[in-house]
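Take a look at the structure below.
Number of protein chains: 2
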Amino acid sequence: MTDTNQTDAVPGRAITTPRSGKASATIYDIAALAGVNPSTVSRALSKPGRVSAKTQQKILDAAEELNYQVNIFARALPTGRTQTVGLIVSDITNPAFFDIIRGAETAAASRDYTLMLAESTESAEHEMTAAKRMLATVDGLILASPRLANEEIQELAAKKPIVLINRRVDGVASIVADTETGVAEAVRHLAAQGHTSISYVAGPERSWMSARRWESIKARCDWHGMKLSQVASGMPTVEGGRRAAAVVKDGEATAVFCYNDLMAIGLMRELQGAGVSIPEQLSIMGFDNIFGSDFTTPPLSTIKSPLHELGVTALSRLLEFIVPGDQAGVVESSAGTAAGAGTTAPGAVGQAGAEAGGAAVAALSTELVLRGSTGAARPA
Amino acid sequence: MTDTNQTDAVPGRAITTPRSGKASATIYDIAALAGVNPSTVSRALSKPGRVSAKTQQKILDAAEELNYQVNIFARALPTGRTQTVGLIVSDITNPAFFDIIRGAETAAASRDYTLMLAESTESAEHEMTAAKRMLATVDGLILASPRLANEEIQELAAKKPIVLINRRVDGVASIVADTETGVAEAVRHLAAQGHTSISYVAGPERSWMSARRWESIKARCDWHGMKLSQVASGMPTVEGGRRAAAVVKDGEATAVFCYNDLMAIGLMRELQGAGVSIPEQLSIMGFDNIFGSDFTTPPLSTIKSPLHELGVTALSRLLEFIVPGDQAGVVESSAGTAAGAGTTAPGAVGQAGAEAGGAAVAALSTELVLRGSTGAARPA
DNA sequence: TTGTACGCGTTATCAG
DNA sequence: CTGATAACGCGTACAA
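The listed protein sequences derive, respectively, from chains A and B. 1 is the number of the first residue of the first sequence in the numbering used here; add one for each residue after it. 1001 is the number of the first residue of the second sequence in the numbering used here; add one for each residue after it.
Set out below in structure tokens:
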């Protein structure tokens, strides 16, 4: 049987489009069934304990029988809570994000929150549009590597709780991986291999993280007395990396850091296509350790980012703002710092920044992953 | 300055947690400002045209001034519409899905819908949980490669509009890529290279698409008089592919199809690790053409799926159910088939399946991408 | 502990 | 064409 049409199922049977899937049960229905008042039902279901054990049971049974399900919109109206959080990433197709996404999604699901996803396609404008749309619906928002200006982010943060990933903005909560450790290892390794001149292929201009990585590398190179230069900047994609190949090839550096793995892969492949052999003639180091970075030949040396943890942590942090009460969901129990920003009043000026539990920090640090794309420096 | 703490921003300034971001304007506010009745405002804003031009203008101006924004929850209460659709994928970290996700997200955003994302982590149970949670919130749902049983899917479809990707279930709308063309090309190619015995590494038991691909391959092999056997089945991941290596190695087949690229990559790498050279001793063919499939050595030959289009099309189709009115958003203008399932009454039995515009079909077909992992059959 | 009554922001159904 | 008014489903002071 040929099977070409892509739209429909078995012929003869129409696709069922439930116009009005029988109106699901309300607390009124269950109140009637249990012989109590709707408000009692509401109490029993939302704050267990403020109702007698037997009525509680009756209500629960009735709810079960009618397989009741709260109407979150009706609930959202009086409370403003939606049990939903948003996540905006700059590029869904960048594998670096899907670990973040999964981390956030998993953490959200485990706390009975639902995740809304949007992407900005590397555009500040799109990002703002998506953010605004989401803000109407969501209890809080996570911005991963946002391209927005600081003021725009603060503006958003004034409306709903916001947590940033890999970005710092005054007055806004943020989770950022510590680049220092990984970079220190990486530069030390390169130095040991005889490299003395390094270059950095930067990411987008608006990328806070790209600047941050540059700074870290710069600091370590200075320390080792190595020369560092930025040779280019472009889209954080494979194509962006390819575009940088020409400049890199003409440079004198014997090793190059790329803003991320995507660029590193693009750069490497383009260079190889032009006849330069990696790592004999040039060492290449990426960032993030994304899916596929070990598929290349040679496999990519890179600085691994705690992507998954970034997502999980950001979500936990966001939920702390939204539900100041519970401490659940945080995997590592940080030292002892109990009071977070959650308990401080709206405009309170507390020193919430002081807490940096040892465990949590370790979990968010970067780490060198040595593979085949780096090696000894070519003779001068 | 050392930069180790991952949680907070600049010291001295507390993180702002807007308890009550100034209650945004309601239609009452704008009614007062425009000197009309709230209900008139509602009309003017929701169904333009049913109000006089001048009051319309006054209202629009007032709304602009107060930068009014509908409260979607309040709206959802009477109407049931949320301007939100859900997408559930089986594995967020599978690159095959992110093109689908992006396609759906983009299409949704362009129609002013927001996308909710969840994953089932290859578990039917998780999938059901996620689906139920979403059902309460969304106007419709897309299930990409669901692991649910047919009855469960029909059960869901009875409540809200649902569109399946790469899965067929009686009575439920679905978008599936046509495997035939790509497979035909692939098998023909293998036959020309002298292969006479092929094997198939299957995906999960519950994967409808895995069975479908097997059938397509089987049909073509029969046609060419080639021998085909299924050697294994497992998780559709790199690891799953690795696990199949042992069995494949002992088999007599000189070429192997894998359920997807992830498995193909895993299989290839494991085999190479065991000393077998690809494609000299064994040809490997993947499915989907995911990100990274061209990074391997040799680069993977594969059958490309129209991932992005799958996402876009599924979303458009879903919206046709939700908003039967508009035809926008469909990129390719199909031949002439105007009437869709949208106009049929709830329980109507129409032959909605007959329409299969030429353009749309072509866009969803698969295609052979020949790279280095396939070659001439090894001598018997 | 439980019932009463009202508000949340919109849409929808009536009259006028 | 426009103005009242009643839902929509739930939370919650307040009273009993």
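Where is the CB? At the ideal position from N, CA and C, for every residue including glycine.
Please list the residues of the stretch 1117-1130 of chain B that have a C-beta atom closer than 9 Å to any C-beta atom in chain A, keeping them in chain order.
Leu1117, Ala1118, Glu1119, Thr1121, His1126, Thr1129 and Ala1130
For the pair the stretch 24-39 of chain A and the stretch 64-74 of chain A, tell me if three or more CB-CB distances fall below 8 Å.
yes
Are A/Val201 and A/Tyr259 close, meaning C-beta to C-beta below 9 Å?
yes
Around the C-beta of A/Thr179, are 16 or more other C-beta atoms found within 10 angstroms, so that it is buried, or is it exposed?
buried
Does any residue of chain A bring its CB to less than 9 Å from the CB of B/Asn1071?
yes
9 Å Cβ cutoff met for B/Leu1315 and B/Ala1264:
no
Does the beta-carbon distance from A/Glu105 to B/Leu1117 come in below 9 Å?
yes
Measure from the C-beta of A/Phe287 to each C-beta in chain B and report whether the shortest distance is under 9 Å.
no
For B/Lys1054, the three-state DSSP class (helix, strand or coil):
helix
Against A/Ala244, what residues of chain B qualify as contacts under a CB-to-CB distance less than 9 Å, listed in chain order?
By Cβ distance, chain B contributes nothing, its closest Cβ being about 18 Å from A/Ala244, past 9 Å.
Flag this pair as touching only if the stretch 1055-1062 of chain B and the stretch 1036-1046 of chain B have three or more C-beta atom pairs under 8 Å; answer yes or no.
yes
Under 9 Å between C-beta atoms, does A/Leu134 make it to chain B?
The residue you asked about is not Leu; residue 134 of chain A is Met in the sequence shown. Closer than 9 Å: yes.
With 9 Å set as the bound, which would you pick, yes or no: does the beta-carbon of A/Gly21 sit closer than that to a beta-carbon of chain B?
Residue confidence is low: A/Gly21 scores 41 on pLDDT, short of 50, so the model does not pin down where it sits. Its coordinate-derived value is still stated next. For A/Gly21, the answer is yes, since a Cβ of chain B falls inside 9 Å of its Cβ.
A/Ala232: buried (16+ other C-beta within 10 angstroms of its C-beta) or exposed?
buried
Find out if the Cβ-Cβ distance for the pair B/Leu1364, B/Ile1175 is shorter than 9 Å.
yes
Looking only at its own chain, which residues have a Cβ that is under 8 Å from the Cβ of A/Lys304, when we skip the five neighbours before and after it?
Gly182, Asp288, Asn289, Thr366, Glu367, Leu368 and Val369
Determine, for A/Glu105, whether the minimum Cβ-Cβ distance to residues of chain B falls below 9 Å.
yes
Is B/Gly1086 helix, strand or coil by DSSP?
strand
Report the three-state DSSP secondary structure of B/Ser1229 (helix, strand or coil).
strand
Which residues in chain A sit within 9 Å of B/Arg1220, going by Cβ to Cβ distance?
Chain A residues near B/Arg1220: none, gap ~13 Å exceeds 9 Å.
Taking all protein chains shown into account, do 16 or more other C-beta atoms lie within 10 angstroms of the C-beta of B/Thr1374, making it buried, or fewer, making it exposed?
buried
Segment limits, alpha helix (DSSP H) that includes B/Ala1044:
Pro1038 to Ser1046
Is the stretch 138-147 of chain A in contact with the stretch 264-280 of chain A, if contact means three or more CB pairs nearer than 8 Å?
no
Looking only at its chain, what residues have a beta carbon closer than 6 Å to the beta carbon of B/Ala1124, apart from the 5 residues adjacent to it on each side?
Arg1147 and Leu1148
Straight-line CA distance for B/Ala1219 to B/Gly1372?
25 Å
What is the rounded straight-line gap between the Cα of B/Glu1215 and the Cα of B/Gly1171?
22 Å
Could you check if A/Lys160 is buried or exposed, using at least 16 other CB atoms within 10 Å of its CB as the buried criterion?
buried
CB contact below 9 Å: A/Thr366 versus chain B
no
Using a C-beta cutoff of 9 Å, does B/Pro1095 count as contacting chain A?
yes
What does the alpha-carbon distance come out to for the pair B/Arg1081 and A/Ile142?
25 Å
In whole angstroms, give me the CA-to-CA distance for A/Ala438 and A/Gln230.
The structure shown has nothing for residue 438 of chain A, since chain A only spans 1 to 380.
Apart from the five residues on each side of it in sequence, which residues of its chain come closer than 6 Å, Cβ to Cβ, to B/Ala1157?
Val1172
From this set, A/Glu119, A/Val89, A/Ala186 and A/His224, which residue's C-alpha is nearest A/Thr196's C-alpha?
A/His224
Give me the subset of the stretch 1074-1087 of chain B whose CB atoms are less than 9 Å from a CB atom of chain A, sorted by chain position.
Ala1074, Arg1075, Ala1076, Leu1077, Gly1080, Thr1082, Gln1083, Thr1084, Gly1086 and Leu1087
Other residues of its chain near A/Gly194: CB distance less than 6 Å, five sequence neighbours each side excluded
Ala376 and Ala377
Classification of B/Asn1166 by the beta-carbon crowding that lies within 10 angstroms, buried from 16 upward:
buried
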